[in-house]
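Residue numbers 5 to 562, in the numbering used here, belong to the letters of the sequence shown in order.
We treat Cβ as the ideally placed atom computed from N, Cα and C, and that holds for glycine.
Predicted model, so just to flag it, every value in this text is computed and none were measured.
Notes for the one structure printed next.
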Amino acid sequence: MPQPSEHRRVRQIADFLAAVSAGADEATTARTVAGLTADALGADAGVVLIDGRTLAAAGLPEDAVGGVLAAAASGLADVPGLGRCHTAAAPLDDAGAGALVVLRRLRAFDATDADLLRTMAGMLASTLRDIRRRGEERGLREALEERGRLLERLSPIVRSISRRTGDLQGVLDAITEGARDLLGDSVVGLRLLDPDDPGFVVLVSARGVSEEGAQQLRRGAVSAGVGGRAVLEDRLVVIEDYSGSEQGLPFFRGERLQTAMAAPVHEDGRVVGSLTVGSHEPGRRFSPQEREALLAFAEHASLALTDAKRHQAMREAQLARDAFLAMVSHELKTPLTVMMGTLRTIESRFDAIPAQLRTELLASAFERGRQLERLIDQLLQGARAELASFLEEAWLPDLVAGALRGFEYSRRLVHGAVPEVALVTDAAAVRGVLSTLLENAVAHSPTGTDVTVEVEVTDRVAQVRVRNAGALPAALGPEELFAPLQRGPDAASSGVGLGLYIANRLAVSLGGSIDVRATDGTVEFTFSFPYQPVAHRTGRPERRRRPRPAPAAPPPEP
5 MPQPSEHRRV RQIADFLAAV SAGADEATTA RTVAGLTADA LGADAGVVLI
55 DGRTLAAAGL PEDAVGGVLA AAASGLADVP GLGRCHTAAA PLDDAGAGAL
105 VVLRRLRAFD ATDADLLRTM AGMLASTLRD IRRRGEERGL REALEERGRL
155 LERLSPIVRS ISRRTGDLQG VLDAITEGAR DLLGDSVVGL RLLDPDDPGF
205 VVLVSARGVS EEGAQQLRRG AVSAGVGGRA VLEDRLVVIE DYSGSEQGLP
255 FFRGERLQTA MAAPVHEDGR VVGSLTVGSH EPGRRFSPQE REALLAFAEH
305 ASLALTDAKR HQAMREAQLA RDAFLAMVSH ELKTPLTVMM GTLRTIESRF
355 DAIPAQLRTE LLASAFERGR QLERLIDQLL QGARAELASF LEEAWLPDLV
405 AGALRGFEYS RRLVHGAVPE VALVTDAAAV RGVLSTLLEN AVAHSPTGTD
455 VTVEVEVTDR VAQVRVRNAG ALPAALGPEE LFAPLQRGPD AASSGVGLGL
505 YIANRLAVSL GGSIDVRATD GTVEFTFSFP YQPVAHRTGR PERRRRPRPA
555 PAAPPPEP
């Protein structure tokens, strides 16, 4: 059973998390953390250091903490106002640019104190990252608002263009139309770099160009014409004798275009195209005011492109944030569901369950609780992508049995003998994948039907097949099953559709895969993963963890 100290530690972490999450800015959050950490560890003082400076301190004046970080490494420090203190520090990031430090006079810090301090430092680091991210998003919004205010100060034509914000193509068309109306010229074109080949430009909007001309000018070399020079030189370019210039486009030279000028168009400060105007009027010359007007229209096109990109970035950030919150919900739900089911069984059938079985059930619930605690720690430290972080020796029958434990009370599990193989793999990741596949099988099969589990080992590859009665959703193909936020219409659980997505990512991180097939009213998921055999061992190995080497590259996004 959990010890009182463990309950106290979990309660301290929960209280700490609630207080830290309420912080509105870095300074306020750091002050809260410094005080709460010192209280939780029975310390005399707490200090938050960022980039070599004191962000916050509790229990001692700020002018007394200058040497705290350097002294923390030795475990002792002479602190004005406190005297000789034991110290402990936990880094806030891998680069060592920040630390959470505590000082205590009466006794040294032990391993339990160090663990709690690291957990609190991880929570602080995660919260500070979130505060900075919100600040960046706020900066994006402020930049967009400033762009909007600038548009309101432009000429009436440009203000009419600004009312079409959100429709990028409509804005670009309004720019070419406005430039033609204001300058009174016969030809206007807006060309942008081809995203598939920046050596070419694509005509995205034009006025005064025939269908034949638009077809010929649809795509061309980036260096061609007056617009090409504007792109390459990143400046306003004017050709006054266009029809006689070798730099003119053959189509317009053939139409006896007299003069043309082009201004570069930018996106986030980078040249991505040009806005060009041309006239067939003999002797036409562009005044300084007209040149400034073209630059203003080009700037407006730049603003439209940049704002469209930032709107898209904000939408993607919102989707990523929503997906992460949903992922957190799902990751916490799986062990909690099994744990609550086990405890509910004990509560309702306590007298009918033998004492030995009750002990086993409680041990199973406790193990699921520990799994839940580990998940919370990893999520708070921003390490969701590294849940599978340790290799260890494992006994395959125990590994499978651990994943099955608890599910037998939700559905009858049918499984044969598991090959007695000692292997080296990421046991936590394997159990996570199997638990998700079992949860999926229970959620998507009729009540009262069996779930079958088969295990096979061939040539250093383990395969686990999970089979249940049912069918794949007709609206989802096999690949879409593993996309985030996908749920079948017959799902009996209250998840958010991230289970198979997470399981697939874990399988890929192991160097394995998950395949699915459906035949004759049966759905079968096959989880395959490579493993390292344990040399000269035929029995159950001791649990020994090995740090996993860093992968060459993260798995691709699905």
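Practice problem: Note down the Cα distance separating residue 51 from residue 431, rounded to an integer number of angstroms. | Solution: Here residue 51 corresponds to residue number 47 of the sequence shown, with the count starting at 1. Here residue 431 corresponds to residue number 427 of the sequence shown, with the count starting at 1. If I take the Cα positions, the gap works out to 38 Å.
Candidates 53, 283 and 209: which alpha carbon is nearest residue 603's? The first residue shown for the chain is 5 and the last is 562, placing residue 603 beyond what the model contains.
Using the rule of at least 16 other Cβ atoms within 10 Å of the residue's Cβ for burial, across every protein chain shown, is residue 197 buried or exposed? Looking up residue 197 in the sequence shown gives position 193. Per the 10 Å Cβ criterion, buried.
Point to revise | Beta-carbon spacing of residue 468, residue 417 below 7 Å | key: Against the sequence shown, residue 468 aligns to sequence position 464. Against the sequence shown, residue 417 aligns to sequence position 413. Contact: no.
Please name the residue or residues paired with residue 319 in a DSSP beta bridge. Sequence index remark: in the sequence shown, residue 319 carries index 315 (1-based). For residue 319, which the question treats as bridged, DSSP gives no partner whatsoever.
**Prompt:** Do residue 86 and residue 134 have their CB atoms nearer than 7 Å?
**Reply:** Start at 1 with the first residue of the sequence shown, and residue 86 comes out as number 82. Start at 1 with the first residue of the sequence shown, and residue 134 comes out as number 130. Not a contact, by the Cβ cut-off of 7 Å.
Exercise. Given that a residue counts as buried once 16 or more other Cβ atoms are within 10 Å of its Cβ, and exposed if not, what is residue 343?
Worked result: Here residue 343 refers to the residue found at position 339 of the sequence shown. Per the 10 Å Cβ criterion, buried.
- prompt: Looking at C-alpha atoms only, which residue of 298, 205, 471 and 410 is the closest neighbour of residue 349?
  reply: Residue 349 sits at position 345 when you count from the first residue of the sequence shown. Nearest of 298, 205, 471 and 410 to residue 349, Cα basis: 410.
Worksheet item: Quick one: Cα of residue 57 to Cα of residue 102, how far?
Response: Looking up residue 57 in the sequence shown gives position 53. Looking up residue 102 in the sequence shown gives position 98. So the two alpha carbons sit approximately 9 Å from each other.
Could you tell me the distance, in whole angstroms, from the CA atom of residue 359 to the CA atom of residue 35? Taking the sequence shown and counting its residues from 1, the one referred to as residue 359 is at position 355. Taking the sequence shown and counting its residues from 1, the one referred to as residue 35 is at position 31. For residue 359 and residue 35, the distance between alpha carbons rounds to 50 Å.
**Item:** Burial state of residue 20, where buried means 16 or more other Cβ atoms lie within 10 Å
**Value:** Translated into the one-based positions of the sequence shown, residue 20 becomes position 16. That one is buried.
* Considering only C-alpha positions, which residue in the set 509, 504, 533 and 510 is nearest to residue 516? -> Stepping through the sequence shown from its first residue, residue 516 is reached at position 512. When only C-alpha atoms are compared, the closest one is 533.
Q: Verify the contact flag: residue 251, CB atom, against every heavy atom of the ligand PLP, threshold strictly below 6 Å.
A: Of ligands this structure carries none, so the ligand PLP is not represented either.
Fully enclosed by the region 502-541, which beta strand (DSSP E) runs are 3 residues long or longer?
517-523 and 526-534
*asked:* Considering just the uninterrupted stretch of the beta strand (DSSP E) at residue 41, what are its terminal residues?
replied: Here residue 41 refers to the residue found at position 37 when the sequence shown is read from its first residue. Per DSSP, residue 41 belongs to no beta strand (DSSP E); it is in the alpha helix (DSSP H), 30-44.
- Message: Within the continuous beta strand (DSSP E) that includes residue 95, where are the two ends?
- Response: Within the sequence shown, residue 95 is the residue found at index 91, counting from 1. That run of the beta strand (DSSP E) goes 87-95.
- Query: When the Cα atoms are used, what is the spatial distance from residue 338 to residue 528?
  - Reply: Position 334 of the sequence shown holds residue 338. Position 524 of the sequence shown holds residue 528. Using only the alpha carbons, I get a separation of about 20 Å.
Notebook entry, point to check: Helix, strand or coil: which one does DSSP assign to residue 355?
Noted result: Walking along the sequence shown from the start, residue 355 turns up at place 351. Looking at residue 355 - three-state DSSP - the assignment turns out to be coil, as it is neither helix nor strand.
Check your understanding: In three-state DSSP terms, what is residue 84?
Key -> If you number the sequence shown from 1, residue 84 lands on position 80. The answer is coil: DSSP assigns residue 84 none of H, G, I, E or B.
query = Per the contact definition of three or more C-beta pairs closer than 8 Å, is the region 239-249 in contact with the region 173-185?
reply = no
Inset, instruction - Please confirm if the region 187-197 is in contact with the region 276-295, defined as three or more CB-CB distances below 8 Å between the two stretches. - result: yes
Q | Straight-line gap, residue 61 to residue 405 (C-alpha atoms, nearest Å) | A | The count along the sequence shown starts at 1 and reaches residue 61 at position 57. The count along the sequence shown starts at 1 and reaches residue 405 at position 401. Cα to Cα, the separation comes out at about 49 Å.
- [ ] Pull up the DSSP beta-bridge partners for residue 472, would you.
- [x] As a working note, residue 472 is residue 468 in the sequence shown. DSSP lists 455 and 527 as partners of residue 472.
Subject >> Burial state of residue 217, where buried means 16 or more other Cβ atoms lie within 10 Å >> reply: Counting from one through the sequence shown, the residue named residue 217 turns up at place 213. Label assigned to residue 217: buried.
Exercise for the section: Starting from residue 214, trace the alpha helix (DSSP H) both ways and give me its first and last residue. Expected result: Looking up residue 214 in the sequence shown gives position 210. Unbroken run through residue 214: none, as it is neither H nor E.
- Message: Mapping the DSSP letters down to three states, classify residue 101 as helix, strand or coil.
- Response: One-based indexing of the sequence shown puts residue 101 at position 97. In the structure shown, residue 101 sits in coil (DSSP, three-state: anything other than H, G, I, E or B).
Check your understanding: Nearest-angstrom Cα distance between residue 505 and residue 520?
Key -> Taking the first residue of the sequence shown as position 1, residue 505 is located at position 501. Taking the first residue of the sequence shown as position 1, residue 520 is located at position 516. Going by the C-alpha atoms only, they are around 13 Å apart.
Point to revise | Pairwise C-alpha distance: residue 363 and residue 470 | key: Here the question's residue 470 lines up with position 466 in the sequence shown. Here the question's residue 363 lines up with position 359 in the sequence shown. The alpha-carbon atoms of residue 470 and residue 363 are separated by roughly 28 Å.
Query raised in the report: Taking the alpha helix (DSSP H) that residue 446 falls in, what are its first and last residues?
Result: Here the question's residue 446 lines up with position 442 in the sequence shown. Run containing residue 446: 431-447, per the alpha helix (DSSP H) assignment.
Item to check | residue 22 classed as buried or exposed, judged by whether at least 16 other C-beta atoms fall within 10 angstroms | outcome: Position 18 of the sequence shown holds residue 22. Looking at its Cβ environment, which holds fewer than 16 other Cβ atoms inside 10 Å, residue 22 is exposed.
Check residue 230 in the structure and name its three-state DSSP category. Stepping through the sequence shown from its first residue, residue 230 is reached at position 226. Residue 230: helix per DSSP, three-state reduction.
*To which residues of the same chain is residue 441 closer than 7 Å at the C-beta, ignoring the five residues directly before and after it?*
By one-based count along the sequence shown, residue 441 stands at place 437. Only 470, 507, 529 and 531 meet the Cβ criterion.
Compute the Euclidean distance between the alpha carbons of residue 156 and residue 104, then round it to the nearest angstrom. Counting from 1 along the sequence shown, the entry for residue 156 is found at position 152. Counting from 1 along the sequence shown, the entry for residue 104 is found at position 100. For residue 156, the predicted structure reports a pLDDT of 49, less than 50, and the residue's modelled location is therefore unreliable. The matter cannot be settled from this model.
Quiz prompt | CB of residue 124 within 7 Å of CB of residue 41, strictly | solution = Locating residue 124 in the sequence shown gives position 120, where the first residue counts as 1. Locating residue 41 in the sequence shown gives position 37, where the first residue counts as 1. Yes, the Cβ-Cβ distance between residue 124 and residue 41 is below 7 Å.
_Using the three-state DSSP reduction, which class does residue 292 fall into: helix, strand or coil?_
On the sequence shown, residue 292 is found 288 positions in, with the first residue counted as 1. Reduced to three states, the DSSP call for residue 292 is helix.
* First and last residue of the uninterrupted alpha helix (DSSP H) at residue 224 -> Here residue 224 is taken as the residue at index 220 of the sequence shown, counted from 1. Looking at the DSSP string, residue 224 is not in any alpha helix (DSSP H); the run it does join, the beta strand (DSSP E), is 223-225.
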